[in-house]
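Note that the sequence shown covers residues 1 to 334 in full-length UniProt numbering. Read through the structure below, which is laid out as structure tokens, and then see the notes.
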Amino acid sequence: MKITVLTGGVGGAKFLLGVKAFLGWDPTGPGPDGDPGADQVTAIVNIGDDIRLHGLQVCPDLDSCLYTLSGVADTERGWGRKDETWTAAAELAAYGAEAPWFALGDKDIATHLVRTRMLDAGYPLSAVTAALAAKWRPGVTLLPMSDERVETHVVVADPTWTGPAGEAPDVALHFQEWWTRYRASLPAKAFLTIGSDEARPANGVLEAIAEADLILVAPSNPVVSIGPILAVPGIKEAVVAAKAPVVGVSPLIAGKPLRGHADACLQAIGVEVSAQGVGRHYGARSDGGLIDAFLVAEGENADVPGVRIGEAPLLMTDPSATAKMVHACLELTR
Ligand code: GDP
Ligand code: CA
């Protein structure tokens, strides 16, 4: 069975651990027969969070997937490498040249150096990601949603405005600045996916959707992780046209995100902060939406016209618990 997953970073990576466990694979090892990027599972990963820092191209969601699926992520901190050191960051700070809201660890920097060098040499991000995966052996094929640059920016009232209250002009912040520096506390007026109009799906993305037997929408942030993927022209259309059933998983339990600021993001685009709100936001594939079925947390009600609703414990405490969620997704297609 071929499974294709639309995913963001940390939440999506945890979900992918469960997909591997569901298939009976080592969650943090390579795929069957040691295949470093087994093509039975393909993750189409958000790149809207990507940012250039110190001249380095940083792809937080791709790296969260790469590191988590190969067992080298810092699962407590929630991002970056475990056993990380911070010498370069401290030296940059001594120059007053750090981005204080986005630290890069020494080990992590090596990834960004290799990536940037390959990009500058003309390799597409999908090929670069495959090269990185050859070292890390995540056991699933990781594809950026696009080989072109697409960046999420967030429109807010200028936080540096010192004039009369209420008259601050709108400015667009890079997603990372809004998310990490301001912790999503500045009310978002809109999310822009810069570059998405001209972007094309990366090599392999449309094939992975067309050839899948099951398409899963990870319990990732619906607005800033799944949203940018669907903003690449052709991807949503391919999902709608796919032969495989499409099942989404709620990132909210009891109306709250487990981590991060999905509530602020949903509010900003006028979506009710509940599993039902997310389900309706995705909408029924039979009616121009994205999904055929939607998995919500045990005991929660959701009424999404045209979408079959299932319930399961949705806490991804470990890969075997998450594997049960994947199993429940499959059950919903029967
Ligand atoms: P990011 O790109 O690193 O922010 O990660 P994602 O967008 O892939 O995932 C973030 C989302 O994962 C958040 O909205 C969380 O609510 C959700 N999430 C995290 N842990 C869990 C969990 O255990 N269960 C469920 N259902 N959702 C989770
Ligand atoms: Ca992300």
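Where is the CB? At the ideal position from N, CA and C, for every residue including glycine.
Around the Cβ of Pro245, a 10 Å sphere holds 16 or more other Cβ atoms; the residue is buried. Taking the Cβ of Gly166 as the reference point, every heavy atom of ligand 2 lies at 6 Å or farther away. The nearest non-hydrogen atom of ligand 2 is 6 Å or more from the C-beta of Ser320. Those residues having their beta-carbon less than 7 Å away from any non-hydrogen atom of ligand 2 are, in chain order, Gly8, Gly9, Asn46, Asp49, Pro60, Asp61, Asn221, Val224, Ser225. Judged by the Cβ position, Gly277 fails to qualify as a neighbour of ligand 1 at the 6 Å threshold, every heavy atom of the ligand being at least this far. Contact annotation: the segment 70 to 82 does not touch the segment 172 to 185, with fewer than three C-beta pairs closer than 8 Å. Taking 7 Å as the cut-off, the beta carbon of Val307 is found closer than this to the beta carbon of Gly279.
DSSP lists no beta-bridge partner residue for Pro319. The shortest C-alpha to C-alpha distance from Ile235 to any of Ala168, Phe22, Arg200 is the one to Arg200.
Three or more beta-carbon pairs drawn from the segment 255 to 275 and the segment 221 to 232 are found closer than 8 Å, and the two stretches are therefore classed as touching.
If you look at Pro60, you'll find it in the alpha helix (DSSP H) that goes 60 to 69. Pro32 sits in a helix when the DSSP states are folded into three classes.
A Cβ-Cβ separation of about 3 Å places Gly8 in contact with Ser220 under the 8 Å criterion. With fewer than 16 other beta carbons inside 10 angstroms of its own, Thr75 counts as exposed. Relative to ligand 1, the beta carbon of Leu314 is positioned inside 6 Å of a heavy atom. DSSP lists Val296 as the beta-bridge partner residues of Glu311. For Ala110, the uninterrupted alpha helix (DSSP H) run begins and ends at 106 to 120, by DSSP. Remark: C-beta atoms of Gly12 and Ala218 approach each other more closely than 7 Å.
Note on geometry: alpha-carbon atoms of Asp158 and Thr152 lie some 17 Å from one another. If you check the C-beta of Ala188 against ligand 1, you find no heavy atom less than 6 Å away. A distance below 6 Å between beta-carbons, with the five flanking residues on each side excluded, links Ala168 to the following residues of its chain, in chain order: Ala157, Asp158, Trp161.
Taking a 10 Å sphere around the C-beta of Trp101, we find fewer than 16 other C-beta atoms and assign the residue as exposed. Here His327 is exposed. Its C-beta has fewer than 16 other C-beta atoms within 10 Å.
Thr42 is the residue among Thr4, Val249, Thr42, Asp318 whose C-alpha sits nearest the C-alpha of Ala130.
In terms of Cβ geometry, Leu119 and Ile44 do not form a close pair [threshold 7 Å]. Taking the C-beta atoms as reference points, Val232 is found nearer than 7 Å to Ser146. Taking 7 Å as the cut-off, the beta carbon of Ala323 is found no closer than this to the beta carbon of Phe15. With a beta-carbon spacing of about 6 Å, Ala297 and Ser250 fall inside the 8 Å limit used to define contacts. Residue side-chain check: Ala262 places its Cβ nearer than 6 Å to a non-hydrogen atom of ligand 1. In the assembly as shown, Met1 is an exposed residue. Its beta-carbon has fewer than 16 other beta-carbons within 10 Å. Fewer than three Cβ pairs drawn from the segment 90 to 109 and the segment 121 to 140 lie within less than 8 Å of each other, which leaves the two stretches out of contact.
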